[in-house]
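Structure, as structure tokens:
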Ligand SMILES: [Zn+2]
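Numbering (my numbering), first residue to last: -7 to 461.
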């Protein structure tokens, strides 16, 4: 945020005492009931950096956590054991079968106009190349539309989609546009007769780091290998083509999909004192891609949610309804954890589902999807978070693991953070602990703790969103 205001105005704004707006806003009954508890939650959260220390232990001990990997399973067991130490109720791992894709060795190299290695990462779910690799001429296009105007020119070639990440829109909007090439590029390239598909990494900044992520095939179209090049390499190949140079690339990938593997959703809770069957669930996904540490995506989200519940526990708060923290498995390449959680818990009455999966950066507030009355209540709760700047409430939640719950009418909430740097590191080797800040992770935990606690404890339950049962 650019703080161009005079200092006293900044301080006044932080204290919420600027002029008429603050004066005319009297605390509501809900705020009168809960503001002092909210302040205690915030004070305890800010008093130490235990969330960040725990996050560091998780990512440094186990590293990245791809579905099917031993490191994921060891991390899940570790979380369970620590939740038991925290004396949470009903700590358990609920089994989930997950896809098991392995990368194997891989490389890409420029053959013509000169020999040089390219910075690449295979895309998750891709098939491998035949042994010995593929050597083919490259056709660079900007977009699917441009590919569709090329007629037969992609036949037998490697297509490279050089679609720049839009940076003039909010980060997740830009991501939504660019990620189509990662997800569907191999299908479109194959339809055009290409032998492999390359993309410009879906990243809003780059120091020549390739970024992976999930891709798809269509059962009616021949699967071709798919990989990401770094932004810089994709741009270089595009410049070569623009100069009329012939580009030949050698691509070698051992990627393959093995039979489904055992994994699980790990969870613990504070049982509700009066309506234990009404549940506020919060969490993030414990799996990650197989690069970096998956610290930002999404160990930070899991730990912030977990710390939120621990804050309530440490304060001895026992809400009316149950508060449950979950580390969902397999968000990245399957969503099997989120689906299995919904299936296993359909009989329970979920009052709210909260997820943090936009990076545990400085929290700005929450996005909420439910009824208009629910949104009004969440806005009231949000206002109590003004002291730590996370009081903004918007009407879009959009998190993956809780989307199956949304489909059956559960109100959902996503933690909104200052995500401007998220796609610099997302799904790359750069996603390590140092990209997150202790004070910011702490404020994420405090924000989720306040939302979870007040919704779990307030007299009137949050209304269901209406869809489904
Ligand atoms: Zn994620």
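Backbone N, C-alpha and C define an ideal beta-carbon position, used for all residues, glycine too.
query: So is the beta-carbon of residue 463 under 7 Å away from any non-hydrogen atom of ligand 1?
result: Residue 463 falls outside the range modelled here, since the chain spans only -7 to 461, and no answer is possible.
- prompt: Which ranges would you report for the alpha helix (DSSP H) in the region 236 to 301 if only whole runs of at least 4 residues count?
  reply: none
- request: Taking only heavy atoms of ligand 1 into account, decide whether any of them is closer than 7 Å to the Cβ of residue 277.
  value: yes
field: Helix, strand or coil at residue 440 [DSSP, three-state]
entry: helix
field: Span of the beta strand (DSSP E) around residue 144
entry: No beta strand (DSSP E) holds residue 144; DSSP gives it neither H nor E.
field: Buried versus exposed, by CB contacts within 10 Å (16 or more), residue 141
entry: exposed
message: Short of 6 Å in beta carbon distance, which residues of its chain neighbour residue 132, apart from the five on each side in sequence? Order them along the chain.
response: 152, 154, 229, 230, 233
message: Using the Cβ count rule (16 or more neighbours within 10 Å means buried), how would you classify residue 330?
response: buried
field: Nearest candidate by alpha-carbon position, reference residue 63, set 370, 283, 365, 379
entry: 283
query: Measuring CA to CA, which of 444, 437, 451, 445 is closest to residue 39?
result: 437
field: Closer than 5 Å to ligand 1: residues, by C-beta to nearest heavy atom, in chain order
entry: 289, 290, 349
- request: Drop a sphere of 10 angstroms on the beta-carbon of residue 199, count the other beta-carbons inside from all chains shown, and report buried for 16 or more, exposed for fewer.
  value: exposed
task: Kindly indicate the opening and closing residues of the alpha helix (DSSP H) around residue 52.
output: 42 to 54
query: Exposed or buried, which one is residue 303 when buried takes at least 16 other CB atoms within 10 Å?
result: buried
8 Å Cβ cutoff met for residue 81 and residue 340: no
Neighbourhood of residue 548 by C-beta, 6 Å cutoff - its chain only, sequence neighbours within 5 removed: The chain is shown from -7 up to 461; residue 548 falls before or after that span and cannot be answered.
task: Alpha carbon to alpha carbon, how far is residue 431 from residue 41? Give it in angstroms, no decimals.
output: 7 Å
Completely contained alpha helix (DSSP H) runs for the region 300 to 335, where each covers 4 or more residues: none
- prompt: Helix, strand or coil: how does DSSP classify residue 99 here?
  reply: strand
- request: Note down, one range per segment and in chain order, each alpha helix (DSSP H) of at least 4 residues found wholly within the region 380 to 444.
  value: 395 to 399, 414 to 417
field: Alpha-carbon spacing of residue 14 relative to residue 375, whole angstroms
entry: Reliability of the predicted coordinates at residue 14 is poor, the pLDDT of 47 falling under 50, and the value obtained from them is presented with this limitation in mind. Going from the Cα of residue 14 to the Cα of residue 375 covers about 11 Å.
message: Can you tell me whether residue 244 is buried or exposed? The criterion is at least 16 other CB atoms within 10 Å of its CB, across all chains shown.
response: buried
field: Coarse secondary structure for residue 168, derived from DSSP in three states
entry: helix
query: Taking the alpha carbon of residue 428 as the point to measure from, which residue in 48, 177, 17 has its own alpha carbon closest?
result: 48
task: Kindly indicate which residue of 46, 417, 390, 36 has the alpha-carbon position closest to the one of residue 402.
output: 390
- prompt: Taking Cβ positions, are residue 380 and residue 435 nearer each other than 8 Å?
  reply: yes
task: With distances taken Cα to Cα, identify the nearest neighbour of residue 110 among 51, 416, 387, 221.
output: 221
query: So residue 72 is in the alpha helix (DSSP H); what residue range does that whole segment cover?
result: 62 to 77
- prompt: Roughly how far, in whole angstroms, is the beta-carbon of residue 405 from the beta-carbon of residue 443, given that I think they are within contact range, below 8 Å?
  reply: 6 Å
query: Which residues share a DSSP beta bridge with residue 342?
result: 271
message: Helix, strand or coil for residue 176? Go by DSSP, reduced to three states.
response: helix
Beta-carbon separation (whole angstroms), residue 129 vs residue 238, contact threshold 8 Å: 7 Å
- prompt: Of the choices 249, 407, 424, 107, whose alpha-carbon is the least far from that of residue 56?
  reply: 424
- prompt: Short check: CB of residue 462 to CB of residue 407, under 8 Å?
  reply: With the chain covering -7 to 461 only, the question about residue 462 has no answer from this structure.
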